[in-house]
Each structure stands twice: as structure tokens, then as C-alpha cells.
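Note that our numbering numbers the sequence shown so that position 183 is 187, with each residue one more than the last.
Beta carbons: idealized from backbone N, C-alpha and C, even for Gly.
Take a look at the structure below.
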Amino acid sequence: MAKDKTIYTCNECGGTSPRWLGKCPSCGAWNTLVESVAENPASAKNRFASLAPASAVATLADIEATDVQRTPTGIGELDRVLGGGVVEGGVVLIGGDPGIGKSTLLLQALDALQKQSLGARHAAGPPQGVAAPSGGSGPRAAGKRGGDTLYVTGEESGAQVALRSRRLGLDDSQVKVLAEIQLEKILATLSAHKPAIAVIDSIQTVYSEQLTSAPGSVAQVRECAAHLTRAAKASGTAIVLVGHVTKEGALAGPRVLEHMVDTVLYFEGDTHSSYRLIRAIKNRFGAVNEIGVFAMTEKGLKGVSNPSAIFLSQHAEPVPGSCVLVTLEGTRPMLVEIQALVDSGGPSPRRLSVGLERDRLAMLLAVLHRHAGVACMDQDVFVNAVGGVRISEPAADLAVMLAITSSLRGKALPKGFIAFGEVGLAGEVRPAPRGQERLKEAAKLGFSVAVVPKANAPKKNDKAFEGLTIHAVERIEEAMELARSLA
Ligand code: TYD
Ligand code: MG
């Protein structure tokens, strides 16, 4: 097969070069040239020729707003992050550390979808519209197709996938498996079988003959993902791409991958603990920052529908350096224990945080020193969110600062203590979104003392907060003073 010409395109400015260079000749950026397929000069000329007939444009109000068709996977926590289910022609990218459970979850989801469609077909009698005429196989026609599923594995053999499915208890699974890594063959199979949903595990193993670079390289990943995305849109097949993450935790391959797809999901959590979180980073068909919570069991991943208390470690008595935070993940409040350890450090003390932003930690330490007179200049400071959760909301500030001071003083916060609230550079404590819901969850779980921003304190005595003594603070000094008096 004749290879297309390749050129090198700059990631920054889009400039091109016929061969690889360390420095982009157009913008001077370093290490930004990546290999891509050169456009055929003839087709470029045709592009201008075809400019002639203008296309009709429509007014937004005249375009019918069709709702997207979703198929729930039947795995509740996955549907929650997807925004209700898989969408026809939608492309989902799912990333996460190796061994966290990406393949397991997707196999479970495919099997559930396959069972649903078989059930539906039995109920509806003989299959309808299975062989949709090739001309009219738009997304709508695709919806009436049988809900077949295809699992394309590039990392494992069919036998290994079968072994996993047995382990999951899916002994008579009807999910179709294809062990293939060549893009052209995968595309051909997709168009021949027209599955309702296909999983590509993983996009880093797929390679296209059109490019000379190795599978997993930026050029290959981008090119293959672009082709698969186009195939999904054209045929109505929903495609799930499994992506590897780099050591830094970002999806390996170009950032453009995230722009190309409709939904980006990340697996979080500690591979040593059994809980796994899936977070939606981007979702064209639903809310972002929604999370799904799973527990890894002997028989695969099981959804945890009431996860509010799983990220608390069980201390018999309160210990110094620990403060429980009520965080809001998507639509659900969750209680997460924040732990801090402050210990005398060397000449250049260390600041380390797990699950929280390190820059934010540095800022909070400065605010603590300036406004509350708590100095950690010569101390190592370590902060950790228990259970491998990643907390990005600033409402964690107050709990982090209380945990740090508690560790520094060696005094535990009282039993049943929770806190939340954002802290500003001027030392003010700002309200967190949906404070009442957070307080309700804490009261429900039997917590008894809360330190919260003034604006979040409930106005009147509400039954929902019974048993919870709520202290409202406006400034960080007040919060520190209060913690000292309560301890
Ligand atoms: P896997 O889905 O292969 O991870 P990924 O595709 O993200 O790399 O998950 C593998 C891990 O999950 C492995 O360490 C074993 C564990 N596991 C269970 O604990 N129970 C199970 O039922 C299965 C299938 C896997
Ligand atoms: Mg895998």
C-alpha cells in the first residue's frame, strides 16, 4: 500500500516542515513538531474549486432541537457520569492509571448493554432494520439497529478478555471481541458489523498504516482518534476510547484528544484501596464534575450509591492533624478526611500535598501566618485527602488550615467535627456553594460540631440540622480561635 506523504506540524502555531526539527521554523517553539499526514495537493486545489456553490444557512430558531437519544448502560454510577447513558455517535474518552479497572468496567458495561438489547429483541420478535440500507444509515436509522456491542482489544488477547469475563461471572456473554490494533481493519469491522457501541482498549495501541511513527506516538494517537471519531459520527456507533495516563496524571497523547471527543472521564482513586471514582472532566451531553463511585470486588466493580462516608478513616478517638471536610462532588455531598502532618524540617522545608493542589497549600500557609499568626516557616508540611480522592474546590481551604494548625499544636479537633469554606488572601472566609446540603449530610451522618462560613449558616432552627452545633465565622482568625477553644 502506498504511504501518504508525511509532514511535521507545529503544535503551537500550526506551521509545517517537511522534516523533523527540534525548533519550529515558524514560531521558534522547541519540541513542538509532530508527524502528521500531508494533505494531498490535488485535494487542496479542489477545495478552492468547490468553494463555488454556497451552502444554505439556517436560523437557529428554525433548527429543530432534537434531544439526544441515550441508552442507559444499566450501571447506575457510570450512567450518572455519562449524563444518563451512552449517546448515539458519541465518543467517550476514559483515562486512568494502569490496573485501576478501566477494562473491567467497560466489559461489564458492554455485557449489560448486550443483555438489554437481546432482551429487547426477544420482546420485539424478529430483529428489525438490522441490515439498514447503506444510504440511509444515519444516526436515526442506527438507533433501530440491534444493540450489538464490540470490544476491540489491543492490549490483551481474546483469551485474556474471556478469562476476565469468566472472573466477572459473565460466562455466557454475547459481547463480540476483536483483537486488533490496525486502524484500517478496525474501521472496516466497525462498518461491517455496525455495533451500537464499540470500546477501543486502548487508543495508544492502535496504529494507522498511513503514518510511519510507532503506535502510541502523538501523531498516531491523534490520527487514529480522529478517524474513529469521524466513523462514530457518520455511523451512529458510540465509541469509547480507553486512554493511558502519563506519570503526571494527564492523558497520554496530545491534548487535542480531549477536544476531539464528546466526553472525557477520568478514573481516580488509590489502586491500593478498593474504592474507585470516575469523574467527568468534559461532557457535551451532561454535567461535568459529576462523579461515580465504585468498589472493586472479587467480581468486578460494584457501584456505591451512597458514598458520603467512605472517605473517612475510622479513628476510635480524634487524633491531631485530622479534620473532616464536607465536599460537594457533582450533585452529592461527601465527607472526606483531610490529614496534615507538620514536623520540624531542614533549611528548606517541604510542602507536599496528595489530592489537593500544592500551590493552594503554599497560599494557605501564607494566609495562616499573616492573618492568624500561625507560622510554619521552618516546618515540613504534608497534607493528604484520605482515600485517593482529588479535591479541587476551594471550599476545602478551611478544613486544610484547621488540620494543619491541629497538627502543629498537637491538639485534636473535637469528636464529630466538620468544616468547609473558602479562605481568601485577605483572611476572609467565603461561602461555599450549597452549604445547607453539606450541613444536612453531616448532620445525617451524626457529626456534632461544624465550623462554616457565615453566609452558609442556616438562618432558623431547622430540624434537618438537629444534633449539629453550627459555628459561623467570617475570618480565619475567628476560626482558629474557635478551634482552640473547642479542642
Ligand atoms: P483492569 O480492568 O485490567 O485495569 P485497567 O484496564 O484499568 O488497566 O483491572 C485490573 C485490576 O482489577 C487487577 O489488579 C485485578 C483487579 N480485579 C479485581 O479485583 N476483581 C475483578 O473482578 C477483576 C476483573 C479485576
Ligand atoms: Mg486494561
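Any non-hydrogen atom of the ligand ATP within 6 Å of residue i CB
{"i": "residue 161", "result": "You won't find the ligand ATP in this model; what it holds is the ligand TYD and the ligand MG."}
Proximity below 7 Å, CB of residue i to CB of residue j
{"i": "residue 204", "j": "residue 245", "result": "yes"}
{"i": "residue 209", "j": "residue 159", "result": "yes"}
{"i": "residue 229", "j": "residue 207", "result": "yes"}
{"i": "residue 436", "j": "residue 450", "result": "no"}
{"i": "residue 154", "j": "residue 113", "result": "no"}
{"i": "residue 247", "j": "residue 97", "result": "yes"}
{"i": "residue 378", "j": "residue 409", "result": "yes"}
{"i": "residue 303", "j": "residue 173", "result": "yes"}
{"i": "residue 196", "j": "residue 38", "result": "no"}
{"i": "residue 213", "j": "residue 188", "result": "yes"}
{"i": "residue 428", "j": "residue 395", "result": "no"}
{"i": "residue 117", "j": "residue 156", "result": "no"}
{"i": "residue 152", "j": "residue 76", "result": "no"}
{"i": "residue 85", "j": "residue 72", "result": "no"}
{"i": "residue 401", "j": "residue 369", "result": "no"}
{"i": "residue 464", "j": "residue 322", "result": "no"}
{"i": "residue 476", "j": "residue 487", "result": "no"}
{"i": "residue 315", "j": "residue 393", "result": "yes"}
Given residue i as reference, the closest of the options once Cα atoms are compared
{"i": "residue 100", "options": "109, 92, 94", "result": "109"}
{"i": "residue 40", "options": "453, 27, 23", "result": "23"}
{"i": "residue 294", "options": "315, 284, 42, 302", "result": "284"}
{"i": "residue 422", "options": "442, 414, 412", "result": "442"}
{"i": "residue 79", "options": "394, 211, 457, 115", "result": "115"}
{"i": "residue 298", "options": "272, 287, 37, 475", "result": "272"}
{"i": "residue 235", "options": "192, 166, 476, 312", "result": "192"}
{"i": "residue 481", "options": "467, 457, 381", "result": "457"}
{"i": "residue 448", "options": "219, 466, 152, 278", "result": "466"}
{"i": "residue 382", "options": "359, 352, 395", "result": "352"}
{"i": "residue 300", "options": "56, 103, 11, 64", "result": "103"}
{"i": "residue 414", "options": "350, 325, 19", "result": "325"}
{"i": "residue 292", "options": "310, 401, 433, 87", "result": "87"}
{"i": "residue 305", "options": "279, 323, 315", "result": "279"}
{"i": "residue 350", "options": "215, 121, 123, 385", "result": "385"}
{"i": "residue 432", "options": "478, 401, 107", "result": "478"}
{"i": "residue 237", "options": "264, 371, 221", "result": "264"}
Beta carbon proximity, residue i to chain D, threshold 7 Å
{"i": "residue 299", "result": "Protein chains in the displayed structure number just one, and chain D is not present."}
CB-CB length for residue i against residue j, believed under 8 Å
{"i": "residue 339", "j": "residue 445", "result": "7 Å"}
{"i": "residue 89", "j": "residue 74", "result": "4 Å"}
{"i": "residue 274", "j": "residue 95", "result": "Not really, about 29 Å apart at Cβ, beyond 8 Å."}
{"i": "residue 312", "j": "residue 336", "result": "7 Å"}
{"i": "residue 82", "j": "residue 282", "result": "7 Å"}
{"i": "residue 19", "j": "residue 29", "result": "6 Å"}
{"i": "residue 491", "j": "residue 412", "result": "Actually they do not touch by this definition, with Cβ atoms about 12 Å apart."}
{"i": "residue 10", "j": "residue 215", "result": "6 Å"}
Using 8 Å as the Cβ pair cut-off and three pairs as the minimum, do the stretch 324–341 and the stretch 387–396 touch? Yes, the stretch 324–341 is in contact with the stretch 387–396.
Check your reading: residues with Cβ closer than 6 Å to the ligand TYD heavy atoms: Going along the chain, the residues that qualify are 100, 102, 103, 104, 105, 106, 107, 108, 168, 171, 172, 300, 302, 303, 304.
Below 8 Å, how does it come out for the stretch 340–360 and the stretch 401–418: are there three or more Cβ pairs, yes or no? Touching, per the Cβ criterion.
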